Amino acid sequence: MKLMFKTKAILVVAFFNALLVSAVVNAAPPDPIAGKAKAQTCFACHSENGISISPDIPNLAAQPPLSITYQLIQFRGQQRKGGGMEAITMILSDQDIRDIAAYYAELPAPPAKSGNADKIAKGQQIAGAQYCNSCHGPQLQGQKHIARLAGQSPEYLTTQLKNIRSGARIDMDGTMGSAARGLSDEDIEALASYAASLN
Amino acid sequence: MKLKTIHALMFAAGMAVATLATAQAPAATPAIPATWAQGRTADGMNPALSPNPPGISALPADEIPVSKLKVPAGFKVELWASGMPNGRSMTEAPSGTVFVGTRFTGNVYAVVTKDGKREVKTIAKGLHRPNGVAFANGSLYVAELSRIIRYDNIEQNLDNPPAPVVVFDALPKDEPHGWKYMKLSPDGQYLYFQIGTPANIVVPPATHATLNRLNLKTNVMEVVATGVRNSVGMDFQPGSKELWFTNNGRDWAAEDKPGDTLNRLVRPKGMNFGYPFCHQGDFLDPEFGKGRSCDEFDKPVYNLGAHVAALGMRFYNGKQFPAEYKGNIFIAEHGSWNKTQRVGYQVVRVVLDSKNNVVKSEPFITGWLDGDKFWGRPVDVQMLKDGSMLVSDDETGAIFRVSYAK
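Chains as they are written, first to last, in the numbering used here: chain A, 476 to 674; chain B, 724 to 1129.
Spelled out as structure tokens, the structure:
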């Protein structure tokens, strides 16, 4: 009887400890393990390994964490639209977003994709002339809140660059809009092949 | 010297792709680098520097470490309002409602105080860089990137704001330095705002790198000053009614120059503050300054320091702070990115003498910067009718209030 009472007391204490922990979880640093649990919905399209199931859907593996965070916040705020992401992100807290971003950021980068060598060379030339590496990094691996383009699906990159060029996709600070404005469809496809060919 | 060599090597490595590409064939379409990278040179500064990601979300109130903020003895700083992603420029309506513009989220907020409690309402969404806000005759004016709009009878309709009236829509559409700071003149006749230079360092079109004003009666716009790279803070001095403004210096020249400046419009028209030829009144541009002299241009009142990002400023004309604060200028420094060791991330106090000379400048609110990390970035200051001062922070999406009690 006495023992049972004690057990009960311990359980009660444990319960309140758990409550305490959950109360401060908002202020916690990004947690990739929690992120994996929260990313279950994402897996259906972006996969558990961050390599998407379809060329129209972006690979998230090894994206800079802030890059994922910023896109999810913009989907949630309905500033960026597409793929039903506005509805999916509606229920996410900032901490959920940071955790999910931390999970995908830690995964191995997508493999380089082979493609037409001439197209890739042309893409490399345009990437140089357009200074893509000043923000996206020397190997287009991304940095801070700027997306990784290396190993990304070329179909997805083509669609996004066209959407930025037309204004259909939000342009965070005008930089991408002015970069995309002078590009032809062929330029965009070449850039996408080049980025996809990197790892 | 050694550091410089390393930087040059890092830069060369970073640009290897570009160089290789240029060697193969000329680009089909001419392109310019991203604004922030324009003006960077191979033998210049640390090439690893790049801008801070903008603040686009708001921290929950209980996560904002307001206790880290330090103010002089006798002053108190508290969290006043929160939950405003990217909240930046502020203006107070006569009723006490504070309106807040944004640059990246496209929102405009209203902060209403009722029974001692504050409520934040998002009164506009989806605007294009609505950074500038001003209040006149019951209407809220908002400066977007390329137009000025107006919300009439806004205070009676905060929960269901009317569609805005377009006041002026012929402003340039350049994104770089295209967001506006806007200030109503003391006579209520004019809206003053800047048109920033469309790059880091270029010879701008005649329309750009200017201060302008729009006559609210005639809708005529005119240039009031030129050679101003980008001013994101201005205020009229009580008494003299002169316009004073901050100006952001160019990047990639050096870690320690040119400085951001505090300036004064002593002539209502025709002053030229030197950009792109001369910076901070005495520093010829390494490229565009050739064959020019700083004597050709008007000088700033004060050099606030390189890369501090001096933005919002207000004169203190209230009765709450001690007497020596009267007539002082408070300036929000958003904080640096184009400098290896971070500077700014504070609110400074500039003390003037009776002849408008700067006697001293000193930090007034510090603590946003913690070593090499920052948790907040002050953007604008606003004096309330009770004599206290608000500071907006676009990193936490919050507004702080500084008050004084004997």
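Virtual Cβ for every residue (Gly too), placed ideally from N, Cα, C.
Note that the structure is predicted; figures quoted are calculated from it, not measured.
Cβ neighbours of G950 of chain B within its own chain (closer than 7 Å, five residues either side excluded): A932, N995, F996, G997, Y998 and F1020. For T633 of chain A, none of the residues of chain B pass the 8 Å Cβ criterion, the least Cβ distance being about 17 Å. For a Cβ distance threshold of 8 Å, residue set M647 and D648 of chain A lies close to F827 of chain B, ordered along the chain.
By the C-beta density criterion, M1112 of chain B is buried, having at least 16 other C-beta atoms within 10 angstroms. Rounded to whole angstroms, V1125 of chain B and F798 of chain B show a C-alpha spacing of 7 Å. Under the 7 Å criterion on CB atoms, Y606 of chain A is classed as interfacial with respect to chain B. Between G849 of chain B and F916 of chain B, the alpha-carbon positions lie close to 21 Å from each other.
Residue-level contact check: H620 of chain A touches chain B, since one or more beta carbons of chain B fall below 7 Å from its beta carbon.
For I563 of chain A, the closest Cβ of chain B is not nearer than 7 Å. At a beta-carbon threshold of 8 Å, the residues of chain A lying near E898 of chain B are D646, D648, G649, T650, G652 and S653, ordered along the chain.
Taking the CA atoms as reference points, D646 of chain A sits about 7 Å from I639 of chain A.
At a cut-off of 7 Å between beta carbons, D660 of chain A makes no contact with chain B.
Under DSSP, no beta-bridge partner is assigned to E1047 of chain B. With respect to the C-alpha of S780 of chain B, the residue from B:K791, B:S805 and B:D958 having the closest C-alpha is B:S805.
For the set A:D506, A:E523 and A:I601, the Cα lying nearest the Cα of Y669 of chain A is the one of A:I601. Here L636 of chain A has A655 and I663 as same chain residues with Cβ atoms under 6 Å from its own Cβ, once five neighbours each way along the sequence are excluded. Contact annotation: K903 of chain B and M957 of chain B have beta-carbon atoms that are not nearer than 7 Å.
Annotated as proximal: V946 of chain B and N935 of chain B, with beta-carbon spacing under 7 Å. Scanning the segment 508-571 of chain A from its first residue to its last, the whole alpha helix (DSSP H) runs of 4-plus residues come out as 515-521, 540-551 and 560-564. F1038 of chain B and Q1003 of chain B have their C-alpha atoms some 21 Å from each other. Taking a cut-off of 8 Å on C-beta distances, the segment 977-988 of chain B touches the segment 1029-1045 of chain B, as three or more cross pairs fall below it. Rounded to the nearest angstrom, the Cβ distance from G839 of chain B to K1108 of chain B is 16 Å, too far for a contact under 8 Å.
Checking the DSSP bridge columns, you'll see L985 of chain B partnered with B:T969 and B:Y1025. Against L541 of chain A, the close residues of chain B are P776, in the order they occur along the chain (beta-carbon pairs closer than 9 Å).
C-alpha of P533 of chain A to C-alpha of Q627 of chain A: approximately 7 Å in a straight line. Excluding the 5 residues flanking it on each side, P507 of chain A has same chain C-beta neighbours closer than 8 Å at D574, A577, Y578, A580 and E581, in chain order.
Counted as a single uninterrupted DSSP element, the stretch harbouring P1009 of chain B is not any beta strand (DSSP E), since DSSP gives it neither H nor E. At least 7 Å separates the beta-carbon of M768 of chain B from that of W1060 of chain B. By the neighbour-count definition (other C-beta atoms within 10 Å, threshold 16), P899 of chain B is a buried residue. Just measuring C-alpha positions, the residue of B:F827, B:D1005 and B:S773 sitting nearest G901 of chain B is B:F827. Within the segment 928-976 of chain B, the runs of beta strand (DSSP E) at least 3 residues long that lie entirely inside it are, in chain order, 933-938, 944-949, 957-959 and 966-970.
Neighbours of S780 of chain B in chain A, taken as residues whose beta carbon is under 7 Å from its own, are I548 and D569 in chain order. In the structure shown, M994 of chain B adopts extended strand secondary structure according to DSSP, grouped into three states. Under the DSSP assignment, Y631 of chain A falls in the alpha helix (DSSP H) whose first and last residues are P629 to S641. Here DSSP, grouped into helix, strand and coil, assigns H1002 of chain B to strand. Assignment of L666 of chain A by DSSP, reduced to helix, strand and coil, places it in the helix class.
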